[in-house]
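Reviewing the structure listed below.
Protein chains: 2
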Amino acid sequence: MTETASPYAALENRFARIARIDDALGILHWDYETTMPEGAAPTRAETLATLDVLRHDLLVDPQVADWLDAADAGADVGLDEWQRANLREMRRAWRHAIAVPGDLVEASRRAEATCEMAWRRARAEDDFAGLLPSLSEVLNLQRQVAEAKAAAFGCDKYDALLDAYEPGGRAARIDALFADLADFLPGFTDEVLEAQARAPDPVRPIGHFPIDRQRGLGRELMQAIGFDFDHGRLDVSAHPFCGGGLSDVRITTRYDEGDFTRSLMGVMHETGHALYEQGRPAGWLAQPVGQARGMAAHESQSLLVEMQTARSRPFLEYLAPLVRDTFGGDGPAWTADNLYRLYTRVERSLIRVDADEVTYPAHIILRFRLERAMIGGDLKLADLPGAWAEGMRALVGVVPPNDALGCLQDIHWPGGGWGYFPTYTLGALAAAQLFEAARQDGSEIEAGIGHGNFGPLVDWLRSHVHGHGSRPENGDALLEEATGRPLDTGAFKRHLNRRYVERAW
Amino acid sequence: MTETASPYAALENRFARIARIDDALGILHWDYETTMPEGAAPTRAETLATLDVLRHDLLVDPQVADWLDAADAGADVGLDEWQRANLREMRRAWRHAIAVPGDLVEASRRAEATCEMAWRRARAEDDFAGLLPSLSEVLNLQRQVAEAKAAAFGCDKYDALLDAYEPGGRAARIDALFADLADFLPGFTDEVLEAQARAPDPVRPIGHFPIDRQRGLGRELMQAIGFDFDHGRLDVSAHPFCGGGLSDVRITTRYDEGDFTRSLMGVMHETGHALYEQGRPAGWLAQPVGQARGMAAHESQSLLVEMQTARSRPFLEYLAPLVRDTFGGDGPAWTADNLYRLYTRVERSLIRVDADEVTYPAHIILRFRLERAMIGGDLKLADLPGAWAEGMRALVGVVPPNDALGCLQDIHWPGGGWGYFPTYTLGALAAAQLFEAARQDGSEIEAGIGHGNFGPLVDWLRSHVHGHGSRPENGDALLEEATGRPLDTGAFKRHLNRRYVERAW
């Protein structure tokens, strides 16, 4: 493949090639989680690691630095806004890759693979002490990665990790947003729980719900919302995700034949992620500027579909007859009213992934504060269980009886995903802010939801979020364009009030 | 990744990395054929092409030539037999890659992709003239590839293409084997058809045969024969194949709910291929010496399971009660005797993939002679339909009424697979020769087949074929080790006689 004379064109060629490796990696990861026979796992892990290395080599190739320098120095005349933004995103990807020595990357990957295995056992056996050695190793390496990146970027160590998931994100800003939530949520939660106690308890529909019917309903809803099955799939995996390749977006769920409600809402969540992926700017799919604008923006889209849309009263009025038809259900458990009570139930609980949207932020604030302290050296890993219990008591209002239901519940830290947690709640705030702006832009957006007409909403998301890829410099810039202001907590609090106090959405 | 000082060790590292790309390509190809949503096809094709380029770049890297030269000059002391054979196979792979200029490879790939599309239409519309331009382009490029390789290898042009599928294969030798068959088969076929006409006609079982039952029976048989589902899968595709990755062997079939017999035997065929892949030498899976010893050897394993084993009378006696149980069948169509008549039916027919094992070689001899003449410049593409009809008349004894049922039936030439065809019949000869040797090595091998006990046969294949990978220099060397002599037609003719004249197997 010959590289042309223009540095920018050479960079586009190189990043297109990298995107092809990402396409391959995406499908191979999907296959790993959904399809691969178990005995192939070690071989596949090696293959994934090899493709990662090839990808890394293409990125840290000295030519790339030369092209970036030349392009940044203005060697290419007449670059348009998208091309300039693409160049900025190329530089960002390159900075992350070049900042960390290859052997540190390798050592981290190995330590994380080992620790993930140890974590599965440790969680099952509630054995934090047993996990401590391998988790210490992961943390130690994460701190080295953070140090290397912080030195290269000229920023705080935690911010250097955060930047990989939320470009331009800063812990100080998150701190301020989270402090506001930590101030608001305890009193609000009390109020909601009191009101909830005075209302009838929701009833879970009981019965046998065959997988093929659940799948059929899921596909029907996905299609209604705008998922393109000519460029995507719905499959099964132990841990639901949205993945796949460049123009091949694959979401997964897991089915419980005794309870359709969780899988159904899980499919809605992943459909939100998938809409973002399928709505990325067509001409830029294989370039950095064509990617989603960070993990908070990505989570905002899943929560916009799941929380803002699918758990709303109008959506559940649209859904109720569909689930009755699909499963032959009848009686008080199958009314829209009951489904609404079920899907908006609030409870102080121990497990993040099962938490409702009112208490969820407290789980995240806890993790954010703890991981920041550990990266900063202000909290020793050995002291984590105690700090966890204390934080749960203060923030959520319950205390785990053991570590399995406490600090061992998530794979993020064993897997090396330090700096990821805050994006969940940033996404929840952004979802509320975007949905509020969308509602104000056109009354048919909200009205359509009750009639299964999601076109107006999805059109708004395509034109205000999906289609912009990473052209806006960061998540705040995207939100400013779409909603007129950077991220704040206002819309989220208004949403919680409207849903849990007014019971109007 | 640092390369060690030893040239041989450096080569092992490099080829292991190439094997990882092959692993990725294998799974991505499988996904393309079985799973991928249609809209992703253009993107996936680009991704596959990019991985091909990365693979090619790793192979033609000048360092590889240096390492090969140093290793061949004896820089590594104490290489054992497997390592020396591995070095020989590395050199072979490198010679094929380096012989053809990159732009010729690219041009061929593009022309083949275009021609395959044109061929689908041309076959459907019986339009040879419409295919002529793009097929001429493919042939033209194949001749250039052949010329480049012939110059590099110092051999005949057709042999240079053949070598990619059958290392060390020579057209002159194939010519001699095929002349012998072409001499024997016409009279033999007449004799078989006369005897067949005097026997009762087979009856095809009629009914509705649900896919899940066909799949269940297929899996049961695969498992009985020794397929390892912890390192493999059975799936569905339009065109059955055996593919997948390094330790993840995936075969496919297609089901017809009105006829289980074809899919069932197709699964047996692919299981033979899969046993070879799953039986490759464990320590060498990711090295050239660990690969199957050419396409004829590969086909010998599929035919050994399908033709030598699964269409035998004892196997069908074992199978008959299983199919009766699976599909609830009863009556004359469901007896072992009838299944044997059905599965050993001989007929002069037009379509290669539907041909029986008696007439199949004639289809191959025709294609071999025609493609050799076209590569050599002795037959013009425009004259192909006439030459095809004449060859069919002379060799098979039937004449196609049109090109769709004639020279347009196979994808091999449009897809650039010139030099591949003879391996089908070389494989049939090898299957008979290997099976005959196996039977002579232990009576329990043949006896086991009638009782669904395939262990002795598969053990023999593992120790005489699968486990040797490409350690023997070529297919003849493999056969000499396993059967005491290079490939000949004797065992195949004895097999045909035993089955179709004596009706004893």
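Going line by line, the protein sequences match chains G and V. For the first sequence, this note's numbering gives the first residue as 43, with consecutive numbering after it. For the second sequence, this note's numbering gives the first residue as 43, with consecutive numbering after it. Just so you know, even glycine gets a beta-carbon here, dropped at the ideal spot from N, CA and C. Quick caveat: nothing in here was measured; it's all calculated off a predicted structure.
Cβ pair residue i, residue j closer than 7 Å
{"i": "VAL278/G", "j": "THR294/G", "result": "yes"}
{"i": "VAL507/V", "j": "ALA375/V", "result": "no"}
{"i": "ASP518/G", "j": "ASP168/G", "result": "no"}
{"i": "ALA213/G", "j": "ARG414/G", "result": "yes"}
{"i": "ALA473/G", "j": "SER342/G", "result": "yes"}
{"i": "GLU179/V", "j": "ALA153/V", "result": "yes"}
{"i": "TYR466/G", "j": "ILE406/G", "result": "yes"}
{"i": "LEU173/V", "j": "ALA164/V", "result": "yes"}
{"i": "ALA141/G", "j": "LYS191/G", "result": "yes"}
{"i": "VAL95/V", "j": "TRP136/V", "result": "no"}
{"i": "LEU31/G", "j": "THR525/G", "result": "Residue 31/G is absent from the model: chain G starts at 43 and stops at 547."}
{"i": "ASP272/G", "j": "GLU544/V", "result": "no"}
{"i": "ARG559/G", "j": "THR368/G", "result": "Because residue 559/G is not part of the residues shown, which for chain G are 43 to 547, the question remains open."}
{"i": "ILE69/V", "j": "ARG97/V", "result": "no"}
{"i": "GLN186/G", "j": "LEU146/G", "result": "yes"}
Segment limits, beta strand (DSSP E) that includes residue i
{"i": "LEU276/G", "result": "274–278"}
{"i": "THR294/V", "result": "290–295"}
{"i": "GLY286/V", "result": "284–287"}
Residue i CB to nearest heavy atom of the ligand SAM below 6 Å
{"i": "ARG133/G", "result": "The model on display carries no ligand, and the ligand SAM is accordingly not part of it."}
Nearest neighbour of residue i, chosen from the options [CA to CA]
{"i": "THR313/V", "options": "CYS284/V, ALA139/V, GLN329/V and ASP420/V", "result": "CYS284/V"}
{"i": "LEU408/G", "options": "ASP232/G, LEU426/G and GLY419/G", "result": "LEU426/G"}
{"i": "ASP73/V", "options": "GLU158/V, ARG62/V, THR89/V and ARG353/V", "result": "THR89/V"}
{"i": "SER305/G", "options": "GLU319/G, LEU121/G, LEU327/G and MET264/G", "result": "MET264/G"}
{"i": "PRO325/G", "options": "PRO49/G, GLY458/G, ALA47/G and GLU54/G", "result": "The residue asked about is misnamed: residue 325/G is Gly in this sequence, not Pro. Here the closest residue by C-alpha is GLU54/G."}
{"i": "LEU499/V", "options": "VAL543/V, ALA266/V and SER289/V", "result": "ALA266/V"}
{"i": "ASN495/G", "options": "TYR542/G, LYS199/G and GLU262/G", "result": "GLU262/G"}
{"i": "ARG541/G", "options": "TYR382/G, LEU529/G and LEU476/G", "result": "TYR382/G"}
{"i": "ALA127/G", "options": "GLN333/G, GLU432/G and ASP205/G", "result": "GLN333/G"}
{"i": "LYS199/G", "options": "ALA91/G, GLY428/G, SER512/G and ASP420/G", "result": "ASP420/G"}
{"i": "HIS315/G", "options": "ARG133/G, LEU259/G, GLN475/G and ARG504/G", "result": "ARG504/G"}
{"i": "HIS493/V", "options": "LEU227/V, MET416/V and LEU361/V", "result": "LEU361/V"}
{"i": "PRO363/G", "options": "HIS281/G, THR401/G and LEU259/G", "result": "LEU259/G"}
{"i": "ALA87/V", "options": "ASP108/G, ASP65/G, HIS138/G and HIS71/G", "result": "ASP65/G"}
{"i": "PHE195/V", "options": "ARG133/V, GLY448/V, ALA431/V and GLY511/V", "result": "ARG133/V"}
{"i": "GLN475/V", "options": "ASP270/V, ARG536/V, TRP109/V and GLY511/V", "result": "ARG536/V"}
{"i": "ALA436/G", "options": "ALA424/G, THR401/G and ALA470/G", "result": "THR401/G"}
{"i": "ALA489/V", "options": "PRO252/V, TRP547/V, LEU181/V and LEU235/V", "result": "TRP547/V"}
{"i": "LEU110/V", "options": "THR156/V, PHE57/V, ARG162/V and ALA155/V", "result": "PHE57/V"}
Which residues DSSP lists as bridging residue i, in chain order
{"i": "ASP298/V", "result": "ASP301/V"}
Residue range of the unbroken alpha helix (DSSP H) whose run includes residue i
{"i": "TRP124/V", "result": "123–141"}
{"i": "GLU236/V", "result": "213–240"}
{"i": "SER176/G", "result": "170–195"}
{"i": "ASN380/G", "result": "378–385"}
{"i": "ASP367/G", "result": "355–369"}
{"i": "GLN256/G", "result": "253–267"}
{"i": "ASN55/G", "result": "49–76"}
{"i": "ASP205/G", "result": "199–207"}
{"i": "ILE453/V", "result": "Unbroken run through ILE453/V: none, as it is neither H nor E."}
{"i": "TYR402/V", "result": "402–418"}
{"i": "ALA480/V", "result": "464–483"}
{"i": "MET337/G", "result": "336–345"}
{"i": "VAL147/V", "result": "144–166"}
Chain C within 7 Å of residue i, Cβ atoms only
{"i": "THR467/G", "result": "Note that chain C does not occur in the displayed structure, where the protein chains are G and V."}
When Cβ atoms are compared, which residues of the stretch 288–313 of chain G fall closer than 7 Å to chain V? Within the stretch 288–313 of chain G, the qualifying residues are LEU288, SER289 and ASP290.
Of the residues that make up the stretch 263–289 of chain G, which ones have a beta carbon closer than 8 Å to any beta carbon in chain V? ASP270, PHE271, ASP272, HIS273, GLY274, ARG275, GLY287, LEU288 and SER289
Residues of the stretch 106–130 of chain V whose Cβ lies closer than 9 Å to any Cβ of chain G, in chain order: Within the stretch 106–130 of chain V, no residue has a Cβ that lies closer than 9 Å to any Cβ of chain G.
Would you list, in chain order, the members of the stretch 54–81 of chain V that have their beta-carbon closer than 8 Å to a beta-carbon of chain G? ARG59, ARG62, ILE63, ASP65, ALA66, ILE69, LEU70, ASP73, THR77, MET78, PRO79, GLU80 and GLY81
Residues in the stretch 87–101 of chain G with C-beta within 7 Å of chain V's C-beta atoms, listed in sequence order? GLU88, THR89, THR92, LEU93, VAL95 and LEU96
Residues within the stretch 502–529 of chain V neighbouring chain G, beta-carbon criterion of under 7 Å: Per Cβ criterion, the list is empty.
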